[in-house]
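Each residue of the sequence shown is one higher than the one before, starting from 877 at the first, in the working numbering. Structure first, commentary second.
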Amino acid sequence: MEIPVYSKEGEKIDNLQLDDKKFGGPIRNKLLRDAVTMYEANKRQGTACTKTRGEVAGGGRKPWVQKHTGRARAGSIRSPLWKGGGVSFGPRPRDYSYAIPKKARKLALYTALSAKVRDNELVVIDNL
């Protein structure tokens, strides 16, 4: 498989022989999708965070006695039910990154290069 080599001015200079193993393989869409998903997931920051009832400032004392007030029982003013209280099951910082095997990553790169060559989207420029 050959592709043209161009100069900086855009004139065709030569042809470059490409390795069929790397540039002529089958297009594996699932593998390519897995590699792109991994790349995008590894870019995620993952720092979203909310405070739970234990992390919100205040709320150490019982707001009113348990009985004989006519009000509902309450143990803390920082309960998730209250205004200014903590958040139930809110987001916590976490790591979204994962890895696919090295051989699969390499094969995904070869798949992407093969697809670019097939669609004539790969351009080689001599001496940038």
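C-beta atoms are modelled at their ideal positions from N, C-alpha and C, and glycine is treated no differently.
DSSP places valine 881 in the strand class (E or B) of the three-state scheme.
Bounds of the beta strand (DSSP E) holding lysine 888 are 888 to 893. Per DSSP, arginine 994 is one residue of the alpha helix (DSSP H) stretching across 978 to 994. With 16 or more neighbouring CB atoms inside 10 Å of its own CB, serine 952 falls in the buried class. Using a Cβ distance threshold of 8 Å, proline 956 and threonine 926 do not count as a contacting pair.
Within the DSSP bridge table, the entry for valine 1000 names Val881 as partners. The residues Leu907, Leu908, Ala911, in chain order, have a CB closer than 6 Å to that of alanine 984 in the same chain once the five nearest residues on each side in sequence are set aside.
For the pair asparagine 891 and arginine 904, the Cα-to-Cα distance works out to about 27 Å.
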